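Trainee: Residue numbers (my numbering): 77 to 653. Just dropping this structure here.
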């Protein structure tokens with residue numbers, strides 16, 4: 077069994093260049109305020125100290141680290157000597173730390189983009205702030221050769237994003253780009269390939285739905301002179317794998333922009349909850365191979381919204397409820413959609429609320445009255461989304477993608493010659509048979525299961541197996557390195573279990589309802605009616621076309637029915653299950 081590290085939080089201070097140190101706030105706990113933490117490998121929040129003739133802090137961490145961070149900071153320098161706090165982006169989570177810091181060091185001048193300045197003033201309403209709003213040509217001289225340059229690089233998720241470049245040390249401070257949510261002892265990315273899965277998952281969660289803006293960011297970075305280090309907001313700093321990771325960001329973003337189907341995801345978010353739902357839905361869509369154009373309506377012009385909804389194959393719109401209404405920006409976006417999007421486009425509605433959900437009801441009613449069909453039932457989330465809610469939203473995104481594909485398939489007839497050859501090949505592939513199993517997982521409060529027939533023993537010592545999981549399966553996001561699952565091997569005479577898992581499940585529906593289950597040693601569900609079961613740990617994943625091939629170590633197993641016969645899946649075609 078994998079050992080669980082002792083849960084703790086601490087702060088490290090390390091020199092990384094002349095007059096430049098990183099202050100790493102670390103936790104082995106899972107932080108819950110953003111979807112990208114779902115791999116549960118802890119994280120570091122990296123803040124940087126540039127101490128030349130002037131002293132600047134870059135990106136103080138969020139409120140999860142406020143106390144530890146400020147205690148460590150005050151032990152190592154005089155808070156009264158801090159001249160500047162440079163913000164890669166601003167949100168209320170970071171604002172909690174800044175509030176305490178400003179109480180102790182009121183002389184601070186903030187350096188940020190214009191959107192961040194507006195958010196800062198709103199957060200500190202009634203309090204006088206010293207703010208330098210920087211633009212693309214602005215610099216800040218800290219002395220001793222540290223003439224900082226700034227790159228405002230807005231994206232839909234972070235419209236206030238600001239990179240900082242120090243020509244002396246050749247360090248680029250990248251905030252939310254090129255990060256990974258892992259916690260460990262490494263400061264730099266020695267052996268960078270071990271972080272490949274974490275960095276890909278981070279990209280998929282945060283950046284895949286804004287691939288075009290990401291390509292724009294990469295183009296701007298390419299214009300800079302030599303860069304020796306990406307000083308990231310989370311995880312190990314990127315030095316050794318910098319070229320490879322930059323190339324992968326471009327490759328992944330270009331692949332997203334070339335997808336067959338495109339969905340416009342429009343939203344506004346008052347307190348971050350609606351944004352969390354939007355991120356989860358977009359994660360489901362991108363997992364299922366759909367390109368997503370995310371538009372934060374608070375920072376988008378009507379012309380941008382119109383262009384997106386006219387060219388998309390489907391659209392999804394989300395809103396908070398403020399005073400019983402959607403915000404003005406969503407009302408404007410809804411008007412653009414009703415006037416610009418053809419009625420054969422698939423629609424979706426979601427939102428969060430505190431006491432009522434009138435904004436969601438309004439969006440649903442207006443779109444239904446206009447004749448749009450929905451790709452999933454409207455999503456209504458009260459207060460902050462939970463782990464279970466986030467999983468349901470991902471599944472809703474997957475459902476939306478599948479509806480889009482089915483609709484396109486009905487409209488597109490096969491050409492006779494290509495179809496004949498394709499059918500022959502598919503028939504041959506379909507003659508490969510596999511054992512019918514139910515793969516069951518549990519991570520936190522999220523429980524899921526799926527029928528699997530592409531299963532094979534892979535190793536003797538240690539005992540191991542491979543399972544192929546389609547990218548658009550709900551369970552895929554719960555089968556990463558370190559995750560545990562149970563492989564329930566089905567008996568051919570227990571058809572009820574097979575039937576249960578062959579049906580279509582609604583997002584969040586209990587897949588084990590009506591079945592007798594027990595809990596395995598690793599916490600995952602065991603089907604009492606299974607022929608046998610294996611307790612497994614994911615050790616590796618390989619991306620293969622529209623599936624992930626997962627290699628897992630078998631830690632434990634038991635035969636439940638010694639006289640039973642394994643159920644086998646026979647197919648007529650290799651084009652689908």
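Even glycine gets a Cβ: it sits at the ideal position worked out from N, Cα and C. If you're wondering where the values come from, they're calculated on a predicted model, not measured in any experiment.
1. Using three-state DSSP, classify residue 316 as helix, strand or coil.
2. Helix, strand or coil: how does DSSP classify residue 139 here?
3. Applying the 10 Å Cβ sphere with the 16-neighbour rule, what's the burial state of residue 435?
4. Starting from residue 419 and walking both ways along the beta strand (DSSP E), at which residues does that stretch end?
5. Report the CB separation of residue 264 from residue 316 in whole angstroms; it is logged as a contact under 8 Å.
6. Taking residue 169 as the reference, give the member of 190, 186, 220, 136 with the closest Cα.
7. Whose CA, out of 300, 462, 133, lies closest to the CA of residue 99?
8. Can you round the beta-carbon distance between residue 371 and residue 480 to whole angstroms, since I take them to be within the 8 Å contact cut?
9. Residues in the same chain with beta-carbon distance under 7 Å from residue 405, minus the five sequence neighbours each way, listed in chain order, please.
10. Could you tell me the distance, in whole angstroms, from the CA atom of residue 457 to the CA atom of residue 467?
11. How would you label residue 500, buried or exposed, when you count the other beta carbons within 10 angstroms and need 16 or more for buried?
12. With residue 359 as the anchor, note down where its alpha helix (DSSP H) starts and where it stops.
13. Just curious, the beta strand (DSSP E) that residue 171 is in, first and last residue?
14. What do you get for residue 418, buried or exposed, if any count of 16 or more other CB atoms within 10 angstroms of its CB means buried?
15. Give every residue of the same chain whose Cβ lies closer than 7 Å to the Cβ of residue 619, excluding the five residues on either side of it in the sequence, and list them in chain order.
16. Roughly how many whole angstroms lie between the Cα atoms of residue 386 and residue 446?
17. Give a yes or no on whether the C-beta atoms belonging to residue 245 and residue 96 are separated by under 8 Å.
18. Quick one: using the 10 Å Cβ neighbour count with 16 as the cut-off for buried, is residue 286 buried or exposed?
19. For residue 465 versus residue 433, is the C-beta spacing smaller than 8 Å?
20. With residue 259 and residue 118 assumed to form a contact (beta carbons below 8 Å), what rounded beta-carbon distance in angstroms separates them?
21. Excluding five sequence neighbours on each side, which residues of the same chain lie with their C-beta closer than 7 Å to the C-beta of residue 358?
22. Thinking C-beta only, is residue 626 closer than 8 Å to residue 614?
23. In this structure, how does DSSP classify residue 581 when only helix, strand and coil are distinguished?
24. Taking only three categories from DSSP, how would you classify residue 537?
25. Taking 8 Å as the threshold (C-beta atoms), are residue 590 and residue 471 in contact?
Mentor: Once the coordinates are examined:
1. Correct three-state label for residue 316: coil.
2. Annotated three-state conformation of residue 139 is helix, per DSSP.
3. Classification for residue 435: buried.
4. Where residue 419 is concerned, there is no enclosing beta strand (DSSP E), given that its DSSP letter is neither H nor E.
5. Taking C-beta atoms under 8 Å as the contact rule, residue 264 and residue 316 qualify, at a distance of about 7 Å.
6. Cα-wise, what sits closest to residue 169 is 136.
7. Checking every option, the nearest Cα to that of residue 99 belongs to 133.
8. Actually they are not in contact, since the Cβ atoms of residue 371 and residue 480 sit about 18 Å apart, beyond 8 Å.
9. Hits under 7 Å: 344, 373, 374.
10. The C-alpha of residue 467 is placed about 13 Å away from the C-alpha of residue 457.
11. Counting other Cβ atoms within 10 Å of its Cβ, residue 500 stays below 16 and is therefore classed as exposed.
12. In the DSSP annotation of this structure, the continuous segment of the alpha helix (DSSP H) that includes residue 359 starts and ends at 349 to 363.
13. Residue 171 -> not in any beta strand (DSSP E); alpha helix (DSSP H) instead, spanning 168 to 180.
14. Exposed.
15. Closer than 7 Å at the Cβ level, and outside the excluded window around residue 619, lies no residue.
16. The straight-line gap from Cα to Cα measures roughly 16 Å.
17. Closer than 8 Å, so yes.
18. Buried is the call here.
19. Cβ distance not < 8 Å, so residue 465 and residue 433 don't count as in contact.
20. Confirmed, about 3 Å.
21. The answer, listed in chain order, is 285, 341, 368, 370, 473.
22. Between residue 614 and residue 626, the C-beta gap is smaller than 8 Å, which places the two residues in contact.
23. Residue 581: coil per DSSP, three-state reduction.
24. Three-state DSSP puts residue 537 in coil, outside helix and strand.
25. Not a contact, by the Cβ cut-off of 8 Å.
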